[in-house]
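Respectively, the protein sequence lines represent chains G and C. For the first sequence, the UniProt record's numbering gives the first residue as 1, with consecutive numbering after it. For the second sequence, the UniProt record's numbering gives the first residue as 1, with consecutive numbering after it. Backbone N, C-alpha and C define an ideal beta-carbon position, used for all residues, glycine too. First up is the structure itself, then whatever we jot down about it.
2 protein chains.
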Amino acid sequence: MTATIRDVARRAGVSIATVSRAMRDPSIVSAQTLHRVQEAASDLDYTPSQLGRQLAERRHAANGIVFPDLSGPYYAEVVLGYEAVASELGRAVLILATHGRPAAAEMVTRLAGRCDGLVVLGPTVSDTVLLGLAARGVPLVTAARPPVAGVDSVSAENAGTARALATHLADQGARTVLFLGDPALSSDVQERLAGLEAGADAAGIGVRVLPVSSMDEEGGARAAEGLASGDLPDAIACANDELALGLMTALRTRGVVVPRDLLVTGWDDIMAARYAELTTVRQPLHDLGATAARFLDDFIAGRRSEPRHEVLPTELIVRSSSSPAKGDNQ
Amino acid sequence: MTATIRDVARRAGVSIATVSRAMRDPSIVSAQTLHRVQEAASDLDYTPSQLGRQLAERRHAANGIVFPDLSGPYYAEVVLGYEAVASELGRAVLILATHGRPAAAEMVTRLAGRCDGLVVLGPTVSDTVLLGLAARGVPLVTAARPPVAGVDSVSAENAGTARALATHLADQGARTVLFLGDPALSSDVQERLAGLEAGADAAGIGVRVLPVSSMDEEGGARAAEGLASGDLPDAIACANDELALGLMTALRTRGVVVPRDLLVTGWDDIMAARYAELTTVRQPLHDLGATAARFLDDFIAGRRSEPRHEVLPTELIVRSSSSPAKGDNQ
DNA sequence: ATGAAAGCGCTAACAC
DNA sequence: GTGTTAGCGCTTTCAT
């Protein structure tokens with residue numbers, strides 16, 4: 001069907017070794033033969049089989065990335081940052097979305113067999129699975145999830161900025177803050193809550209927690225229904241933007257006016273947050289992926305000593321959903 | 001380093017052929033040997049090398065998908081739909097973002113060497129490259145780009161809904177419509193413009209075209225600067241949502257009130273469009289990717305006869321940016 | 001039911 | 001500078 005190295009060798013009247021050499025380093029064969037090989041190769045429309053090459057070199061020249069989902073801008077942006085660096089390093093990128101499927105562990109293990117290393121994002125598979133892979137010698141980097149012993153990790157700062165957020169809310173006059181989100185769902189949420197509580201403590205205000213079923217607009221909307229109209233907190237700090245947006249929309253339907261009656265904040269700074277005038281926290285998503293890709297490459301190339309754990313800075317973005325003074329008051 | 005089929009065979013006291021059989025179809029070896037092989041395999045923590053397997057079977061069990069970018073929800077959602085189906089079919093997914101790089105053609109060719117088939121989205125590589133791949137026997141499906149001779153394609157309906165959009169704008173009282181976007185940039189944009197013109201013609205209103213430098217918020221903002229305050233059209237139909245959002249924001253800064261002074265529409269129905277109350281057109285992005293994945297699989301499995309060209313329906317979503325009657329009038 | 005052996009398409013010693 | 005020859009780890013006839 002498709003031409004192999006042997007076909008080219010025959011046609012050029014040389015050995016397969018010479019073809020191999022000519023293809024991978026033109027400077028180590030004579031100009032004469034180089035020409036003949038190139039001619040033969042282009043005549044036959046020859047492309048070296050990556051499979052043959054990979055098996056012989058015993059490497060895949062490919063890296064994998066595992067994430068829960070790609071809906072919502074969050075992981076998409078991280079994956080993009082990852083792809084940019086990985087492809088620059090000459091490695092193909094394999095993706096795997098787990099979608100919370102129970103078979104995730106097996107899928108990740110299969111994926112690991114197809115690449116030289118793996119980046120694992122967020123709540124996808126258990127630490128046990130990762131430790132198993134690491135034990136088998138699979139180069140690993142985690143991102144946006146709690147560090148695993150001995151495995152490089154990259155994440156975005158949570159507690160500090162959450163603390164600043166609490167301070168900001170207190171400055172705006174809030175005395176009671178409700179945190180919307182389930183700390184059990186992810187370590188990111190946990191850290192955000194912890195930071196918020198620390199900041200609230202310092203400002204002498206209280207924090208209550210309201211868990212949600214899902215971290216999307218629907219989860220926010222459902223939470224809104226559950227709130228007693230007579231007893232609203234001064235502010236609601238949501239675990240992410242989608243919750244906040246769903247919440248605000250549902251509250252508006254009930255006649256609650258943000259920020260006059262109630263302050264609302266999110267987390268992530270997705271595009272829609274700008275148009276909804278939502279106060280939130282911006283994360284360097286692209287960088288998260290890019291840094292993970294570099295860590296992984298360092299590991300694969302054997303350029304690292306101790307496991308690294310990098311925490312990228314985040315930034316509080318104040319908009320009118322939490323800042324009546326400067327905001328609109330529609 | 002890691003155990004091979006030979007290690008397992010030795011340990012189980014059988015031949016490598018038997019190990020291979022036991023691994024891929026337990027029912028064709030005796031219960032006795034099956035047990036011994038499984039024991040040995042788990043003792044050695046053996047996982048069959050996908051590379052060895054792939055080379056022997058001469059297939060990759062992987063498909064590729066090529067797209068311009070993943071920022072913005074558009075391609076991310078398509079890729080996700082693709083991944084869902086592909087991974088269900090037991091195939092790994094390789095991604096490649098071209099970012100308008102000149103080396104795109106070569107990158108795609110390399111990618112083609114690593115998988116059993118390819119889906120190519122949008123403005124990434126020229127038709128020439130695709131024809132070359134098709135000639136080499138690479139199974140191909142295009143999506144969100146004009147069909148190439150002999151290659152399956154999937155896309156979203158443009159002209160019909162664009163026509164409906166023109167009718168809607170005319171119904172709202174618009175007499176002059178400006179189309180914001182560069183038809184030269186993609187066939188999608190071209191078709192949207194053509195449909196809009198057809199609809200405008202039928203309604204007896206005029207359409208002008210204003211090309212943009214880029215199809216994002218910045219492009220929209222720049223376009224806003226270029227508009228003469230005194231001579232605004234009645235409506236601006238943008239080639240996508242990001243343009244429309246950037247345009248509206250910039251116009252608001254100049255004191256132009258949407259929709260009172262001017263109607264604005266987008267295309268795509270991204271999340272931010274809802275919060276900006278933007279009239280737009282919704283596309284079945286997830287389906288686009290899923291359908292492409294199925295077409296590709298059919299092709300690879302040899303289940304197709306003639307090339308197929310599927311066009312998925314789209315839907316006009318009217319919000320207050322183009323509908324003063326029912327909308328807000330902030 | 002199992003084993004021996006010939007590939008799959010390439011790279012990399014090792015000769016010459 | 002080039003050819004010969006082993007592999008890389010698996011699947012798959014073909015015997016037995």
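Buried or exposed for residue i, going by 16 or more other Cβ atoms inside 10 Å?
{"i": "A149/G", "result": "exposed"}
{"i": "G266/G", "result": "buried"}
{"i": "P26/C", "result": "exposed"}
{"i": "V257/C", "result": "exposed"}
{"i": "V19/C", "result": "buried"}
{"i": "A144/G", "result": "buried"}
{"i": "I28/C", "result": "exposed"}
{"i": "R208/C", "result": "exposed"}
{"i": "D231/G", "result": "exposed"}
{"i": "A56/G", "result": "exposed"}
{"i": "G302/G", "result": "exposed"}
{"i": "A86/G", "result": "buried"}
{"i": "D268/G", "result": "buried"}
{"i": "G220/C", "result": "buried"}
{"i": "N329/G", "result": "For N329/G, the predicted structure reports a pLDDT of 39, less than 50, and the residue's modelled location is therefore unreliable. A value from the coordinates is still provided. It is exposed - the Cβ of N329/G has fewer than 16 other Cβ atoms within 10 Å."}
Can you give me the C-alpha to C-alpha distance between residue i and residue j, rounded to a whole angstrom?
{"i": "R6/C", "j": "G13/C", "result": "10 Å"}
{"i": "A41/C", "j": "T109/G", "result": "16 Å"}
{"i": "S321/G", "j": "H286/C", "result": "32 Å"}
{"i": "P273/G", "j": "S229/G", "result": "It is Ala, not Pro, that sits at residue 273/G in the sequence shown. Rounded to whole angstroms, A273/G to S229/G spans 25 Å at the Cα level."}
{"i": "Y275/C", "j": "Y275/G", "result": "6 Å"}
{"i": "L243/C", "j": "G289/C", "result": "24 Å"}
{"i": "D152/C", "j": "M23/C", "result": "36 Å"}
{"i": "L247/G", "j": "P259/G", "result": "13 Å"}
{"i": "G199/G", "j": "L80/C", "result": "38 Å"}
{"i": "E191/C", "j": "D201/C", "result": "15 Å"}
{"i": "A170/C", "j": "P324/C", "result": "13 Å"}
{"i": "L131/G", "j": "T279/C", "result": "49 Å"}
{"i": "G206/C", "j": "R175/C", "result": "7 Å"}
{"i": "R222/C", "j": "I236/G", "result": "36 Å"}
{"i": "A135/G", "j": "E218/G", "result": "40 Å"}
{"i": "A84/G", "j": "A76/C", "result": "15 Å"}
{"i": "T33/G", "j": "A97/G", "result": "47 Å"}
{"i": "Q172/G", "j": "H309/G", "result": "35 Å"}
{"i": "S30/C", "j": "P48/C", "result": "20 Å"}
Using only CA atoms, which one of the options lies nearest to residue i?
{"i": "V125/C", "options": "G113/C, L193/C, S186/C", "result": "S186/C"}
{"i": "R254/G", "options": "G226/G, T291/G, V154/G", "result": "G226/G"}
{"i": "E277/C", "options": "P307/C, A3/C, D171/C, V318/C", "result": "V318/C"}
{"i": "residue 336/C", "options": "G173/C, D188/C, R304/C", "result": "Any answer about residue 336/C is impossible in this case: the structure gives chain C only from 1 up to 330."}
{"i": "P233/C", "options": "S87/C, Q32/C, F179/C, H168/C", "result": "F179/C"}
{"i": "P307/G", "options": "S49/G, V154/G, A97/G", "result": "V154/G"}
{"i": "V93/G", "options": "E106/G, A61/G, G246/G", "result": "A61/G"}
{"i": "V264/G", "options": "S30/G, A224/G, Q32/G, A3/G", "result": "A224/G"}
{"i": "C238/G", "options": "T33/G, V78/G, V177/G, Q283/G", "result": "V177/G"}
{"i": "A164/G", "options": "A203/G, S305/G, R53/G, P123/G", "result": "A203/G"}
{"i": "A184/C", "options": "G173/C, A166/C, S214/C, H168/C", "result": "S214/C"}
{"i": "R53/C", "options": "A31/C, V78/C, R21/C, Y75/C", "result": "R21/C"}
{"i": "G122/C", "options": "R136/C, A135/C, P146/C", "result": "P146/C"}
{"i": "P284/C", "options": "V78/C, S49/C, A250/C", "result": "V78/C"}
With a threshold of 7 Å (Cβ to nearest heavy atom), would residue i be considered close to the ligand SAM?
{"i": "L285/C", "result": "With respect to the ligand SAM, the structure shown offers nothing to examine, as it has no ligands at all."}
Note down, in chain order, each residue of its chain lying with its Cβ closer than 6 Å to the Cβ of residue i, except the 5 sequence neighbours on either side.
{"i": "I270/G", "result": "P73, D241"}
{"i": "L89/G", "result": "D297"}
{"i": "C115/G", "result": "H60, A62, N63, G64, L94"}
{"i": "F299/G", "result": "P139"}
Which same chain residues, not among the five before or five after residue i, have their C-beta less than 7 Å away from its C-beta?
{"i": "residue 334/C", "result": "The displayed coordinates of chain C run from 1 to 330. Any statement about residue 334/C would go beyond what the structure contains."}
{"i": "I16/G", "result": "I5, R6, A9"}
{"i": "A292/C", "result": "Y82, V119, V141, A143, V154"}
{"i": "D182/C", "result": "V189, P211, V212"}
{"i": "A3/G", "result": "L44, D45, Y46"}
{"i": "R91/G", "result": "A61, A62, N63"}
For residue i, I'd like the list of residues in its chain whose CB is within less than 8 Å of its CB, leaving aside the five on either flank, ordered along the chain.
{"i": "L118/G", "result": "N63, G64, I65, V66, V108, L111, A112, L133, V138, P139, L140, V141, L296"}
{"i": "T167/C", "result": "G199, A202, A203"}
{"i": "L262/C", "result": "L232, P233, D234, A235, I236, L251, V256"}
Three or more beta-carbon pairs under 8 Å between the stretch 96-115 of chain G and the stretch 309-318 of chain G, yes or no?
no
Can we say the stretch 62-76 of chain G touches the stretch 26-42 of chain G, given the rule of at least three CB pairs closer than 8 Å?
no
May I ask you to verify whether the stretch 159-166 of chain C touches the stretch 191-203 of chain C, counting CB pairs closer than 8 Å and requiring at least 3?
yes
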